[in-house]
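**Student:** Chains as they are written, first to last, in our numbering: chain H, 2 to 507; chain E, 2 to 321.
For each residue, glycine too, the CB sits at the ideal point set by N, CA and C.
This structure is in structure tokens; I'll ask about it shortly.
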Amino acid sequence: MVMRVTSQTQQRNALNNIFRITEDLFNAQKEITSGKKIHKPSDDPSGMRDTLALRTSIKQIKQFERNMNSNQLFLSRGESALESIGVNLIRAKELSMVELGGMSTSETRGYAKSELDNIISAVFQEANAKVKNMFVFSGTNVKTTPFEVSASGAVYKGNSDNLVIQIEEGTNVKVTIPGSEVLGADLNPDLNTSTNVSELNGGAGITSGSFSVTDRAGNSSTVSITSSMTLANVISAISNASSNLTASINSSGNGITITDTSSVITNSLTVSEVDGGTTALSLGIVGSKDGNIEGADLNAALSTSTLISELNGGDGLTLGDINIINGAGSGAVSLSSATTIAEVISLINNAGYNVTASIDSAGNSLQVISNSSSTIAVVNNVGTDTTAEELGIGGGRNVINTLMKLRQAMKYDDTYAILGSLANLDSGLESINESRAIYGAVTRRMNSTKETHQQSIVNQKDQISNIEGADLVEAASEFAAMETALQASLSSTARIIQPSLLDFLR
Amino acid sequence: MVLKDQVFDLSTSINANNESFNDVYIDSGSTTKNITSTIKGGELRGYLDMRDTKVESVLDKMNILSGSFIQEFNSIHREGFGIDGSSGLDFFTPLDVTVDHYADNTGTAVVSMTNASPTTVSVDEFEIVFTSASSFNLNNLTTNASSGTFTFASATTFNIKDGFAVAISGTAASGDKVTFSVSEDAASLMSVSSTITADGQKIAAGATTNGDGGNALLMADLQNGLVFNSVTWSSESGSFTFDEYYNAVVSTIGIESFSAQAILRQQEGVMLQLNSRRESISGVSIDEEMIKMIKFQQAYNASARMISIVDEMLDTLNRM
């Protein structure tokens, strides 16, 4: 049987086809004019997911580039500072050589001392260099002037951490070297329970007063701390605040940890100040946590009871020999038997060189001073043993103190000390060059990473336009085909719809 | 609605259990009956599905995304130190738990809840179904899984799901339901804590109280943190990042919309075919009708002719 094609069917069919073709035409036109194949997720769901991921990745890489660009200043400033310090050290060495020669007199040494004054102030200027209003050599303590003059020499006020930036997913690089690794020393002792709270925060101590502790079960109580307490007292005071709380020194040995064992919890573990005080803040334990409170690094100062094993953030120090020069007397002193700072000091003091060792005013390294007003005590490393350097009493990275000792030696006409300083100037220069090499390596690494990033961005953008960019040739030919189809369907519709038998039966 | 010769009025009324959206009621003379769930097709079902299922599920995912982000970010932020030494602060305003008692509950139980652990608590939506006056089943509505059975003593606080502190007073009837979630509307409520906006020094970028960016690095690493499984936040054992979770939501919408369009196109084709079929049987073809008309006209002409011939014949006969 033949299918009856009524005019209704014809009309509906014609309309349907025209609408379908115009829709396709519209889409093709949209693709051509916008240059994009994907306008909404349903246009290409999996393509959309890929482009979203690629865009995130590009943004991330651009951030890494920004990190590098805005922090490269630290590297270049640090490098140029060390370069200038190196030049000054070489000049100081020349001066010492000349002043040790037979032609030199106390008068010429006086001139040399004046030149050293300038050298030292130039070195201080570079050592306290700033970038973006942050000190380059103060570790992460970027707002603190790293090197200051004290009565007995230069002291380091920064810390031993590095500023770190991320240059690639999971890859961090250090953009600064703390002054304690190039120009001074920081023994960075750990806490122990007998540490007095007055030795915390680099010797600045804590604020006496009270703070409130609320355990996770909601029990609240107030803890009072005075500046005469030891850490053991502080720990037991916090632990006594609630039966659910236990305070202790944290595993890295630099702060206080408060653990909570409440069985039913109703809130976060909270330590807050009372009456606008700063006691909890100065103990580094203020805040609320859903678990244990891990306190801040309390940066304990050295004390005579500090154990050698607690130095360098708990890594300890292996002590060997040091060489002391004081006037005509000189010789090696073995410190390997010392287990505390007090023992180190007494070994040095009792070695018979008429010197006094003590903790410096910043509380982070030792100093050795002659008991006689006419001689200058100089301490050297012995061979490859770096004990003197590590303790901050002479040689290697203690560049500023080496220069200051040299100046004193010029002033007091102490040729033994000038001679002794030569070895320290050499090892100081070595230390500076070593750090410059580190800066160079980091800069090179950043540059190569930047190149990789740029290439990667280009590749990923390529990929995005592959996925969502319109193929103009294809879209245009499709457009033309659609147009023809529309024309055909319109004209055939115009012809078919009109005639019926009625037209012929007039 | 019209059925044969009868008219039924349709009306709407607010459903307290469905975020105060309206349900559809039919008026059958004396009573009205809720027919929302019995509407199986048509435009109305489409709208209802869109409102109650499709949009709702995307919204839920967005809320879980925001909620998880708030918690993960705060959890890292709390561990860091601001340049002024402050620590343990939330960067985003922590989430409050929303508790909804079903309107049809017959018991008098009132569940009060606090978010006792704002950085660890689950961001999923949960449902408490009481099994007696002192016990309930906990269902996770986000993962559609049971989260265990709990017994409780009236007005005693206890913890569930990583840090909700719950106290139930009154007497629950078996079958009563309560839903709760911290992430409800998290996406729209997300805001930076006022402590932080008031003082930028309190942003805990440092891993120490100094000027280091150690904690900021950890926060940035969150971008690559595997903190989601395929359904929800799973901080410890996830396999997707925030980005991947979001991208999956977007491409799911794309796939659903794409397949809906394909089905629509296909159904339209089928409908067109069927309409043609029907038209072909029941439709009026003007040509056909004209032909028929001419046919009958001719038959009529022929018959008339026949009659006139017979008449002529009779006339002839009469005259004979």
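Output needed for H:Asn255: all residues of its chain with C-beta closer than 8 Å, excluding positions within five of it in sequence on either side, in chain order.
**Tutor:** Asp191, Leu192, Asp298, Leu299, Asn300, Ala301, Gly314, Gly315.
**Student:** Please look up how many angstroms separate the CB atoms of H:Arg398 and H:Leu117, rounded, as I've assumed it's under 8 Å.
**Tutor:** Incorrect: roughly 19 Å between the Cβ atoms, too far for contact.
**Student:** Only counting the same chain, and skipping five residues up and downstream in sequence, which positions put a Cβ closer than 7 Å to that of E:Gly149?
**Tutor:** Excluding residues within five positions, the ones whose Cβ falls inside 7 Å are Leu139.
**Student:** Does H:Asp291 get closer than 8 Å to chain E when you measure Cβ to Cβ?
**Tutor:** So yes, H:Asp291 belongs to the interface.
**Student:** Check the C-beta distance from H:Thr341 over to H:Thr387 and give it rounded, since I have them as a contact under 8 Å.
**Tutor:** Contact flag wrong, Cβ pair sits at about 20 Å.
**Student:** Between the alpha carbons of H:Thr385 and H:Val265, how many angstroms are there, rounded?
**Tutor:** Near 59 Å, if we compare the C-alpha coordinates of H:Val265 and H:Thr385.
**Student:** Would you list, in sequence order, the uninterrupted alpha helix (DSSP H) runs of no fewer than 4 residues that lie entirely inside the segment 19-53 of chain E?
**Tutor:** Segments of the alpha helix (DSSP H) lying fully in the segment 19-53 of chain E: 43-50.
**Student:** Mind pulling the chain B residues with CB within less than 8 Å of H:Asn173?
**Tutor:** Of the protein chains in the structure, H and E, none is chain B.
**Student:** How is the alpha helix (DSSP H) around H:Ser237 delimited, first residue to last?
**Tutor:** 232-240 is the span of the alpha helix (DSSP H), which, as asked, contains H:Ser237.
**Student:** CB-CB under 6 Å to H:Gly204, same chain, minus the five flanking residues each way: which ones, in chain order?
**Tutor:** These residues qualify, in order along the chain: Ala302, Gly364.
**Student:** Assuming the contact rule is C-beta atoms closer than 8 Å, E:Phe70 and E:Gly207 should be a hit. Round their C-beta distance to whole Å, please.
**Tutor:** In fact, because the Cβ distance is near 21 Å, the residues do not count as touching under 8 Å.
**Student:** Taking C-alpha atoms, which residue in H:Asn72, H:Thr223, H:Glu95 lies nearest to E:Gly214?
**Tutor:** Checking every option, the nearest Cα to that of E:Gly214 belongs to H:Asn72.
**Student:** Can you give me the Cβ contacts of E:Asp85 inside the same chain, cut-off strictly under 6 Å, excluding the 5 residues immediately before and after it?
**Tutor:** Around E:Asp85: Gln202.
**Student:** Do you know whose CA, among H:Ser366, H:Gly429, H:Asp414, lies nearest H:Val400's CA?
**Tutor:** When only C-alpha atoms are compared, the closest one is H:Gly429.
**Student:** Which residues in chain H have a C-beta closer than 8 Å to the C-beta of E:Leu273? List them in chain order.
**Tutor:** Going along chain H in sequence order, the residues near E:Leu273 (Cβ under 8 Å) are Arg13, Asn14, Asn17.
**Student:** Pick out whichever of H:Ser492, H:Gln9, H:Ser47 has its Cα sitting closest to the Cα of E:Ser252.
**Tutor:** Here the closest residue by C-alpha is H:Ser47.
**Student:** Any idea if E:Lys62 is buried or exposed, counting beta-carbon neighbours within 10 angstroms, 16 or more meaning buried?
**Tutor:** Buried is the call here.
**Student:** Does the beta-carbon of E:Asn216 have 16 or more other beta-carbons within 10 angstroms, so that it is buried, or is it exposed?
**Tutor:** Looking at its Cβ environment, which holds 16 or more other Cβ atoms inside 10 Å, E:Asn216 is buried.
**Student:** Could you pull out every residue in the same chain whose Cβ sits closer than 6 Å to the Cβ of E:Ile220, ignoring the five residues on either side in sequence?
**Tutor:** The sequence shown places Met at residue 220 of chain E, not Ile. Within the same chain, E:Met220 has close Cβ partners Ile77.
**Student:** So if I threshold CB-CB distances at 8 Å, which residues from the segment 117-143 of chain E count as touching chain H?
**Tutor:** Cβ contacts with chain H come from Ala117, Ser118, Pro119, Thr120, Thr121.
**Student:** Is the separation between the beta-carbon of H:Val132 and that of H:Arg78 shorter than 8 Å?
**Tutor:** Closer than 8 Å, so yes.
**Student:** With DSSP as the reference, identify every bridge partner of E:Asn141, one or two as the case may be.
**Tutor:** Answer is E:Phe127, E:Ala146.
**Student:** Since H:Met135 sits in a beta bridge, which residues does DSSP pair it with?
**Tutor:** For H:Met135, which the question treats as bridged, DSSP gives the partners H:Val132.
**Student:** Does any C-beta atom of chain E lie closer than 8 Å to the C-beta of H:Met49?
**Tutor:** Judged by the 8 Å Cβ criterion, H:Met49 is in contact with chain E.
**Student:** Determine whether the Cβ of E:Ala166 lies closer than 8 Å to any Cβ atom of chain H.
**Tutor:** Chain H contact via Cβ: present.
**Student:** Roughly how many whole angstroms lie between the Cα atoms of E:Ile230 and E:Gly239?
**Tutor:** Checking the sequence shown, residue 230 of chain E turns out to be Asn, not Ile. So the two alpha carbons sit approximately 5 Å from each other.
**Student:** What is the rounded straight-line gap between the Cα of E:Ile36 and the Cα of E:Leu273?
**Tutor:** Cα to Cα, the separation comes out at about 31 Å.
**Student:** Provide the residue(s) that pair with E:Asn16 in DSSP beta bridges, ordered along the chain.
**Tutor:** Paired residue(s): E:Phe22.
**Student:** Starting from H:Glu169, follow its DSSP beta bridges and name the residues at the other end.
**Tutor:** Its beta-bridge partners are H:Thr172.
**Student:** Buried or exposed, going by whether 16 or more other CB atoms sit within 10 Å of the CB of H:Ser289?
**Tutor:** By the 10 Å Cβ count, H:Ser289 comes out buried.
**Student:** Within 10 angstroms of its Cβ, does H:Met483 collect 16 or more other Cβ (buried), or is it exposed?
**Tutor:** It is buried - the Cβ of H:Met483 has at least 16 other Cβ atoms within 10 Å.
**Student:** Taking E:Asp200 as the reference, which of E:Asp97, E:Leu90, E:Lys293, E:Ile169 has the closest Cα?
**Tutor:** Nearest option by C-alpha distance: E:Leu90.
**Student:** On the CB-based measure, 16 or more other CB atoms within 10 Å of its CB, does H:Thr215 come out buried or exposed?
**Tutor:** Buried, since its Cβ has 16 or more Cβ neighbours within 10 Å.
**Student:** Using 10 angstroms around the beta-carbon of E:Asp10, count the other beta-carbons present and answer buried if the total reaches 16, otherwise exposed.
**Tutor:** So E:Asp10 counts as exposed.
**Student:** Given that H:Asp162 touches chain E, what residues does it touch there, using C-beta distances under 8 Å?
**Tutor:** Under the 8 Å cutoff, chain E gives Thr209, Asn211, Asp213.
**Student:** Under a Cβ-count criterion, where at least 16 other Cβ atoms within 10 Å of its own Cβ denotes burial, should H:Lys63 be classed as buried or exposed?
**Tutor:** The residue is exposed, with fewer than 16 neighbouring Cβ atoms inside 10 Å.
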